[in-house]
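Asker: My questions all concern the structure below.
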Amino acid sequence: MTRKQRRLTLIGAAAVVLASAAGLILYALNDQIVFFQTPTDVVAKQIPSGQRIRLGGLVEEGSIERSEDAKVSFRVTDTANTVPVTYVGILPDLFREGQGVVTEGIVGPDGIFRADSVLAKHDENYVPKEVADALKAQGVWKGDDTTAQ
Amino acid sequence: MIVETGHFALVLAFVLALIQSVVPVWGAVTDDRRLMQTAAPVANVLFVLVTLSFAALTWAYLASDFSVVNVWENSHSAKPLIFKISGVWGNHEGSMLLWVLILVMFGSLVALFSGNVPAQLRAAVLGVQGWITAAFLLFVLATSNPFERIVNAPIEGNDLNPLLQDIGLAIHPPLLYLGYVGFSITFSFAVAALILGRIDAAWARWVRPWALLAWVFLTLGISMGSYWAYYELGWGGWWFWDPVENASFMPWLAGTALLHSAIVMEKREALKVWTVLLAIFTFSLSLLGTFLVRSGVLTSVHAFAVDPERGLFILVILCIFIGGSFTLYAWRAPLLKQGGLFAPISREGALVLNNLFLTAATVSVLVGTLYPLALEAVTGEKISVGAPFFNLTFGPLMIPLLLAVPFGPLLAWKRGDLLAATQRLYAAFGLALVAALAVFWLWGMKQVLAPIGVGLAVWIMAGSIAELVTRTRIGEVGLSRGLSRLVGLPRSAFGTTLGHFGIGVTLLGIVMSSAFQTELVRTVRPGDTFDVADYQLSFSGLAPRQGPNFTEQVGHFTVRQGGTEVGVLDPSKRLYQARGMPTTEAAILTFGFSQLYVSLGETRADGAADIRAYYKPMITLIWLGTLVMSIGGIISITDRRLRVGAPKPARAKIAGLSPAE
Numbered sequence: 052m053t054r055k056q057r058r059l060t061l062i063g064a065a066a067v068v069l070a071s072a073a074g075l076i077l078y079a080l081n082d083q084i085v086f087f088q089t090p091t092d093v094v095a096k097q098i099p100s101g102q103r104i105r106l107g108g109l110v111e112e113g114s115i116e117r118s119e120d121a122k123v124s125f126r127v128t129d130t131a132n133t134v135p136v137t138y139v140g141i142l143p144d145l146f147r148e149g150q151g152v153v154t155e156g157i158v159g160p161d162g163i164f165r166a167d168s169v170l171a172k173h174d175e176n177y178v179p180k181e182v183a184d185a186l187k188a189q190g191v192w193k194g195d196d197t198t199a200q
Numbered sequence: 002m003i004v005e006t007g008h009f010a011l012v013l014a015f016v017l018a019l020i021q022s023v024v025p026v027w028g029a030v031t032d033d034r035r036l037m038q039t040a041a042p043v044a045n046v047l048f049v050l051v052t053l054s055f056a057a058l059t060w061a062y063l064a065s066d067f068s069v070v071n072v073w074e075n076s077h078s079a080k081p082l083i084f085k086i087s088g089v090w091g092n093h094e095g096s097m098l099l100w101v102l103i104l105v106m107f108g109s110l111v112a113l114f115s116g117n118v119p120a121q122l123r124a125a126v127l128g129v130q131g132w133i134t135a136a137f138l139l140f141v142l143a144t145s146n147p148f149e150r151i152v153n154a155p156i157e158g159n160d161l162n163p164l165l166q167d168i169g170l171a172i173h174p175p176l177l178y179l180g181y182v183g184f185s186i187t188f189s190f191a192v193a194a195l196i197l198g199r200i201d202a203a204w205a206r207w208v209r210p211w212a213l214l215a216w217v218f219l220t221l222g223i224s225m226g227s228y229w230a231y232y233e234l235g236w237g238g239w240w241f242w243d244p245v246e247n248a249s250f251m252p253w254l255a256g257t258a259l260l261h262s263a264i265v266m267e268k269r270e271a272l273k274v275w276t277v278l279l280a281i282f283t284f285s286l287s288l289l290g291t292f293l294v295r296s297g298v299l300t301s302v303h304a305f306a307v308d309p310e311r312g313l314f315i316l317v318i319l320c321i322f323i324g325g326s327f328t329l330y331a332w333r334a335p336l337l338k339q340g341g342l343f344a345p346i347s348r349e350g351a352l353v354l355n356n357l358f359l360t361a362a363t364v365s366v367l368v369g370t371l372y373p374l375a376l377e378a379v380t381g382e383k384i385s386v387g388a389p390f391f392n393l394t395f396g397p398l399m400i401p402l403l404l405a406v407p408f409g410p411l412l413a414w415k416r417g418d419l420l421a422a423t424q425r426l427y428a429a430f431g432l433a434l435v436a437a438l439a440v441f442w443l444w445g446m447k448q449v450l451a452p453i454g455v456g457l458a459v460w461i462m463a464g465s466i467a468e469l470v471t472r473t474r475i476g477e478v479g480l481s482r483g484l485s486r487l488v489g490l491p492r493s494a495f496g497t498t499l500g501h502f503g504i505g506v507t508l509l510g511i512v513m514s515s516a517f518q519t520e521l522v523r524t525v526r527p528g529d530t531f532d533v534a535d536y537q538l539s540f541s542g543l544a545p546r547q548g549p550n551f552t553e554q555v556g557h558f559t560v561r562q563g564g565t566e567v568g569v570l571d572p573s574k575r576l577y578q579a580r581g582m583p584t585t586e587a588a589i590l591t592f593g594f595s596q597l598y599v600s601l602g603e604t605r606a607d608g609a610a611d612i613r614a615y616y617k618p619m620i621t622l623i624w625l626g627t628l629v630m631s632i633g634g635i636i637s638i639t640d641r642r643l644r645v646g647a648p649k650p651a652r653a654k655i656a657g658l659s660p661a662e
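Set out below in structure tokens:
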């Protein structure tokens, strides 16, 4: 092989790897990302059942119901709209009524959101940023003094 | 008084760092020996000053001096001693001080252990270290002063975030920082080479130990962080593709590429320009990681306090260093002479392939980490990029790389023989096939990917040993001759073998624990017995217990296997009084490499509790594999050729290029 051929082989290999990496990234960005939605979005946008979303808001006061084998249902609200949620599993330590929560899962055909993961706060001062922004948009944000993140 | 001394030492260190930034570099450029000689002593004094400052802060924590804002916000007099010490870096200000302490420690180490490096290069390296030190000291002093006082000192402190009150805090951040910051040395070497406009094989030989050292610490730091998250968060997961994890994983990937390209440069003088670029890229990713974690752009347990001013400050440092070094690179890199010619099928070719895939993988992680931030900044739309994205991008890029791992060390430099290498790997391939078939036979079609994954893991493990077998020719010369040849091999050969073997071990742990884990979520009442995999767990109830600064509800489980008791599990839910914050403490029993894991959820008045129980086969291999990799790295550092200076003939050959000593 001449010097030129060797260089071309190298550049060719690099191009193939980088192109496939770019292809994979673009495909995955189209298909595998999850959008954050508020209860109002869910109601207004008519999100088709089966689509994966992140739903964030406040856990509505008095809405948590626990049943056998760690099944739990609650409602997520942004004060304008609410979405009922079911989840099976252990909830985070700081999951409480009236507090911010982000859940990930799919909207069922019956309009109930089936969460497969529930994220609450990392420490008592922290409100998920998406939730804080959503609440600010609804005008029900209760000051920044409690959110020294 | 002690606190003020600490603050003063830090200010003094900043002034010295400014001197270190200018004087030695000027000396190196103008070839002024006296100016260059200031570099080493200044670096050592800097280390002493920052150590003093760090000791002063530690003292304030030990003495529970709540007149210091930082101590008041993050400590409590009832906190156990170990957490008073580790609490020093369990907050933004203290952790940045630790960052700087490690930075100047590395500077001092370079000053002490690089006697074989030409004076000009050494002075320039320490000068560039001075730039980084000055920038971060200014950041600490201007925006994150840990020594700030309160006028009316409170009687009690606010305590540390309970999630951080764990032995993990004493180990994970220092290790991770040693890794992150360690790559500043390779960065400084790269920038110094660009400033001086010359670089040779000896450069790679001086840089490689530092890169290896940083890589070992980063490997251990990430691994420790992963295990900590696994047992502390109570979700049983060990990697979440969380942006904070990615922030540490990206420099690791780039650093791994750097280790490999530096070998090519050292042995064959090829890939010089690329290696310099990788060195800059790796530390840039370390800085990016520091920015992502410390600025509060990402919300996580790692972002202690969000202050826009701080975020902006780190962003400015980031832009100056990354932008500046890449500009310098674009300007000066064409000066560096390319060398070394090689065929595509050769050791060099294999290492280039390694670099290609690792860099592409780094970029895929980078895109997945930054895309949500960029999208939100531009359109305001909020998305999350999680495991599915990375499984689809990072995963496919890793498979060809992992398949190729055993071939690399078996190919000769310049022009390799793929067929001969393949023949030497027949045994490894056979073992991998047997392992894959065994998994398939035992579990069938239930887990389609498991046989492939196990086969790949065994292929890497057996294949990495193939190099030792080939080099000792143990099959031809007999066992005793073979063993004596084994002892005579250079240590870097063992380093390579262990490094690659460790990847196989980790992969085996990942595949086995994710394909064959048993997960159970249920409500248990006192007296209940239930099965988790082969184990029978009996729940005997909850009991309250009082800890030093928390109260807890402890669940008691007796674990039996086939009727005989094999252990107990006591998971608990704690409530830390000072912050009123609950945490979950999982209980873990290890059997061989496998673990039984129980964490407690909601507890009820009638003594019932929701629990989550897992049986995770071979999960500890994930972390043991990283340990094997790290041991490989340490053995490589001790290789003789990296300890001695450049050999005399080589030095004579490049005499025209290297500076007079």
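Respectively, the protein sequence lines represent chains A and B.
Each residue of the first sequence is one higher than the one before, starting from 52 at the first, in my numbering.
Each residue of the second sequence is one higher than the one before, starting from 2 at the first, in my numbering.
Ideal placement from N, C-alpha and C gives every residue a C-beta, glycine not left out.
Just so it is clear, the structure is predicted and the values come from calculations on it, not from any experiment.
(1) Is the separation between the beta-carbon of T471(B) and that of I623(B) shorter than 8 Å?
(2) Should the region 129-148 of chain B be regarded as contacting the region 308-325 of chain B, the criterion being three or more beta carbon pairs within less than 8 Å?
(3) Only counting the same chain, and skipping five residues up and downstream in sequence, which positions put a Cβ closer than 7 Å to that of G387(B)?
(4) Rounded to whole angstroms, what is the Cα-Cα separation between G563(B) and Q537(B)?
(5) Between which two residues does the beta strand (DSSP E) holding I589(B) run?
(6) Would a C-beta distance cut-off of 8 Å place L102(B) and V30(B) closer than the cut-off?
(7) Chain B partners of L75(A), CB-CB under 8 Å?
(8) Would you call T53(A) buried or exposed, if buried means 16 or more other Cβ atoms sit within 10 Å of its Cβ?
(9) So if I threshold CB-CB distances at 8 Å, which residues from the region 84-116 of chain A count as touching chain B?
(10) Measure the C-alpha to C-alpha separation of T187(B) and A40(B) and round it to an integer number of angstroms.
(11) So that I know if they touch, is there some Cβ in chain B lying closer than 8 Å to that of T60(A)?
(12) Thinking L576(B) and T604(B) are a contact (beta carbons under 8 Å), I'd like their distance in whole angstroms, please.
(13) Tell me which same chain residues have a C-beta within less than 6 Å of the C-beta of M513(B), skipping the five on either side of it?
(14) So which residues on chain B does D144(A) lean against when the C-beta distance must stay under 7 Å?
(15) Whose Cβ in chain B lies nearer than 9 Å to the Cβ of I141(A)?
(16) Does DSSP put Q596(B) in a helix, in a strand, or in coil?
(17) Along the chain, where does the beta strand (DSSP E) containing H557(B) start, and where does it finish?
(18) Quick one: what's Q547(B) bridged to in DSSP?
(19) Per DSSP, T604(B) is paired with what?
(20) Assuming A422(B) contacts L411(B) under a Cβ cut-off of 8 Å, what Cβ separation, rounded to an integer in Å, is found between them?
(21) Please report the distance separating the alpha-carbon of L165(B) from that of A587(B).
(22) Does DSSP classify K415(B) as helix, strand or coil?
(23) Can you have a look at F114(B) and say buried or exposed, based on whether 16 or more other CB atoms are within 10 angstroms of its CB?
(24) Taking 8 Å as the threshold (C-beta atoms), are V129(B) and A193(B) in contact?
(25) Using a beta-carbon distance cut-off of less than 8 Å, what residues from the region 210-235 of chain B approach chain A?
(26) Closer than 8 Å, CB to CB, is R126(A) near chain B or not?
(27) Nearest by alpha-carbon distance to G159(A): which of V93(A), V67(A), V85(A), V68(A) is it?
(28) What's the C-alpha gap between D33(B) and G131(B)?
(29) Give a yes or no on whether the minimum CB-CB distance between S385(B) and chain A is below 8 Å.
(30) Please go through the region 68-154 of chain A and give each complete alpha helix (DSSP H) segment of 4 or more residues, from N-terminal end onward.
(31) I'd like the span of the alpha helix (DSSP H) that includes S732(B), first residue to last.
(32) Going along the region 545-559 of chain B in order, which residues come within less than 9 Å of chain A, judged by CB to CB distance?
(33) Once the 5 residues before and after G149(A) are set aside, which same chain residues still bring their CB inside 7 Å of it?
(34) Using the DSSP secondary-structure output, state which residues sit across from G156(A) in a beta bridge.
(35) Check whether the region 62-74 of chain A and the region 346-364 of chain B touch, using three or more Cβ-Cβ pairs below 8 Å as the test.
Answerer: From the atom records:
(1) Along the second sequence, one-based indexing puts residue 471(B) at 470. Along the second sequence, one-based indexing puts residue 623(B) at 622. No, the Cβ-Cβ distance between T471(B) and I623(B) is not below 8 Å.
(2) yes
(3) For the purposes of this step, residue 387(B) is identified with residue 386 of the second sequence, where counting begins at 1. W242, listed in sequence order.
(4) As a first step, residue 563(B) is located in the second sequence; it is residue number 562 there, counting from the start. As a first step, residue 537(B) is located in the second sequence; it is residue number 536 there, counting from the start. Approximately 8 Å, taken between the alpha carbons.
(5) Looking up residue 589(B) in the second sequence gives position 588. Looking at the DSSP string, the run of the beta strand (DSSP E) that includes I589(B) is 588-592.
(6) Within the second sequence, residue 102(B) is the residue found at index 101, counting from 1. Within the second sequence, residue 30(B) is the residue found at index 29, counting from 1. Taking 8 Å as the cut-off, the Cβ atoms of L102(B) and V30(B) do not count as close.
(7) Against the first sequence, residue 75(A) aligns to sequence position 24. Under the 8 Å cutoff, chain B gives S365, L393, T394, P397, L398.
(8) Within the first sequence, numbered from 1, the residue matching residue 53(A) stands at position 2. With fewer than 16 other Cβ atoms within 10 Å, it is exposed.
(9) I84, V85, F86, F87, R105
(10) For the purposes of this step, residue 187(B) is identified with residue 186 of the second sequence, where counting begins at 1. For the purposes of this step, residue 40(B) is identified with residue 39 of the second sequence, where counting begins at 1. Roughly 17 Å separates the two Cα atoms.
(11) Translated into positions along the first sequence, residue 60(A) becomes position 9. Interface residue, yes.
(12) Within the second sequence, the letter at position 575 stands for residue 576(B). Within the second sequence, the letter at position 603 stands for residue 604(B). With a Cβ gap of about 12 Å, L576(B) and T604(B) do not count as contacting.
(13) On the second sequence, residue 513(B) is found 512 positions in, with the first residue counted as 1. P618, M619.
(14) Start at 1 with the first residue of the first sequence, and residue 144(A) comes out as number 93. Per Cβ cutoff of 7 Å: P583, T584, T585.
(15) Locating residue 141(A) in the first sequence gives position 90, where the first residue counts as 1. Ordered by position in chain B, the residues that pass the 9 Å Cβ test against I141(A) are G235, W236, V522, T585, S600, L601, G602, E603, D611, I612, R613.
(16) Along the second sequence, one-based indexing puts residue 596(B) at 595. Residue state, collapsed to three classes: strand.
(17) Your numbering for residue 557(B) matches position 556 in the second sequence. Its beta strand (DSSP E) spans residues 551-562.
(18) The count along the second sequence starts at 1 and reaches residue 547(B) at position 546. Looking at the DSSP assignment, Q547(B) forms a beta bridge with T552(B).
(19) Numbered from its first residue, the second sequence carries residue 604(B) at position 603. In the DSSP output, where bridge partners are listed per residue, T604(B) has A610(B).
(20) Reading the second sequence from its first residue, position 421 is the one you call residue 422(B). Reading the second sequence from its first residue, position 410 is the one you call residue 411(B). Right, their Cβ atoms sit about 4 Å apart.
(21) As a working note, residue 165(B) is residue 164 in the second sequence. As a working note, residue 587(B) is residue 586 in the second sequence. Approximately 15 Å between the Cα atoms of the pair.
(22) Locating residue 415(B) in the second sequence gives position 414, counting from the first residue. Coil at K415(B), not helix or strand.
(23) As a working note, residue 114(B) is residue 113 in the second sequence. F114(B) comes out exposed.
(24) Sequence index remark: in the second sequence, residue 193(B) carries index 192 (1-based). Sequence index remark: in the second sequence, residue 129(B) carries index 128 (1-based). Between A193(B) and V129(B), the C-beta gap is smaller than 8 Å, which places the two residues in contact.
(25) G235
(26) Taking the first residue of the first sequence as position 1, residue 126(A) is located at position 75. Taking Cβ atoms only, chain B never reaches closer than 8 Å to R126(A), which makes this a no.
(27) For the purposes of this step, residue 159(A) is identified with residue 108 of the first sequence, where counting begins at 1. Comparing Cα-Cα distances from G159(A) to each of V93(A), V67(A), V85(A), V68(A), the minimum goes to V93(A).
(28) Indexing the second sequence from 1 puts residue 33(B) at position 32. Indexing the second sequence from 1 puts residue 131(B) at position 130. Approximately 18 Å between the Cα atoms of the pair.
(29) In the second sequence, counting from the first residue as 1, residue 385(B) sits at position 384. Cβ-Cβ to chain A under 8 Å: yes for S385(B).
(30) 90-96
(31) Any property of residue 732(B) remains undetermined from this structure, which presents chain B solely from 2 to 662.
(32) none
(33) The sequence position of residue 149(A) within the first sequence is 98, counting from 1. Closer than 7 Å at Cβ, skipping near neighbours: L109, V110, E112.
(34) Walking along the first sequence from the start, residue 156(A) turns up at place 105. For G156(A), which the question treats as bridged, DSSP gives the partners I104(A), A166(A).
(35) yes
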